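In this note's numbering, the protein residues as written are 6 to 172.
The C-beta atom is built at its ideal place from N, Cα and C for all residues, glycine as well.
None of these values were measured; they are calculated from a predicted model.
First the structure, in the form of structure tokens, and then the observations on it.
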Ligand code: FES
Ligand code: FES
């Protein structure tokens, strides 16, 4: 069964007809031609497909495209408005990547995570639930633990996030 949906991706509107079983990741990559989100595991384990969906980070391999008709999607390629987003620049400054396969997902995840922390969302390691969230090393590691990096660029990624948060 097929359905027509309209989604905005990195500021451009796309109308696509998709099988109702098509994931958002496949719609982005195969139908719209946006290869910024990567297919690592295709079942929610690696984070390389992370995009911002209506402002929140989302594993696009676990979302059905048809369920997001009318959504606003931002991939790492659309983050900086034609320039590098501060998080992308910090990744470069601190060697937060090697092969780069996980990087678009990591960058989107960091942007989403910073917004979540600012909104007061706790993580698994947050101790003082009522207080303003201090993005300690442990908080950053926990909040980004859904994004795996086979090259092991975690130290650089941590430093990049610390720079963006002013630490
Ligand atoms: S490809 Fe989506 S989590 Fe791995
Ligand atoms: S930079 Fe290679 S997988 Fe992360």
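When you compare each of 119, 68 and 145 to residue 129 by their alpha carbons, which one comes out closest?
-> The option with the nearest alpha carbon to residue 129 is 145.
Residue 43 and residue 109 closer than 8 Å at C-beta = Residue 109 sits close to residue 43, with the two beta carbons spaced by under 8 Å.
With 16 other Cβ atoms within 10 Å as the buried cut-off, status of residue 107 = Buried, because 16 or more other Cβ atoms sit within 10 Å of the Cβ of residue 107.
Counting Cβ pairs closer than 8 Å, one from the region 76-87 and one from the region 10-18, do we hit at least three?
-> Pairwise C-beta distances place the region 76-87 in contact with the region 10-18, as three or more of them are shorter than 8 Å.
When the Cα of residue 101 is compared with those of 18, 167 and 10, which residue comes out closest?
-> When only C-alpha atoms are compared, the closest one is 167.
Kindly examine ligand 2 and report whether one of its heavy atoms sits closer than 7 Å to the Cβ of residue 32.
-> Residue 32: no, Cβ never under 7 Å from ligand 2.
Note down the Cα distance separating residue 60 from residue 85, rounded to an integer number of angstroms.
-> Just so you know, the alpha carbons of residue 60 and residue 85 end up roughly 14 Å apart.
Can you give me the Cβ contacts of residue 7 inside the same chain, cut-off strictly under 8 Å, excluding the 5 residues immediately before and after it?
-> Result list for residue 7: 22, 23, 24 and 25, in chain order.
Counting only runs that start and end within the region 23-68, where is the beta strand (DSSP E) found for 3 or more residues in a row?
-> Along the region 23-68, the beta strand (DSSP E) occurs as fully enclosed runs of 3 or more residues at 55-58 and 61-64, listed in sequence order.
DSSP state of residue 114, grouped into three classes?
-> Helix at residue 114.
Neighbourhood of residue 20 by C-beta, 7 Å cutoff - its chain only, sequence neighbours within 5 removed | Cβ within range, chain order: 9 and 11.
As assigned by DSSP and simplified to three states, the class of residue 17 | Reduced to three states, the DSSP call for residue 17 is strand.
Are three or more beta carbon pairs between the region 110-129 and the region 140-155 nearer than 8 Å?
-> Because the criterion of three Cβ pairs below 8 Å is met, the region 110-129 and the region 140-155 touch.
Tell me whether residue 46 counts as near ligand 1, meaning its Cβ is closer than 7 Å to at least one heavy atom of that ligand.
-> Under cutoff, so the answer is yes.
Per DSSP, residue 79 forms a beta bridge with which residues?
-> According to DSSP, which records beta bridges pairwise, residue 79 is partnered with 57.
Residue nearest to residue 170 in terms of C-alpha spacing, selected from 156, 122 and 133 = If you compare the alpha carbons of 156, 122 and 133 with that of residue 170, the shortest gap goes to 122.
Which first and last residues belong to the alpha helix (DSSP H) in which residue 94 is found?
-> Boundaries of the alpha helix (DSSP H) harbouring residue 94: 91-98, taken from the DSSP string.
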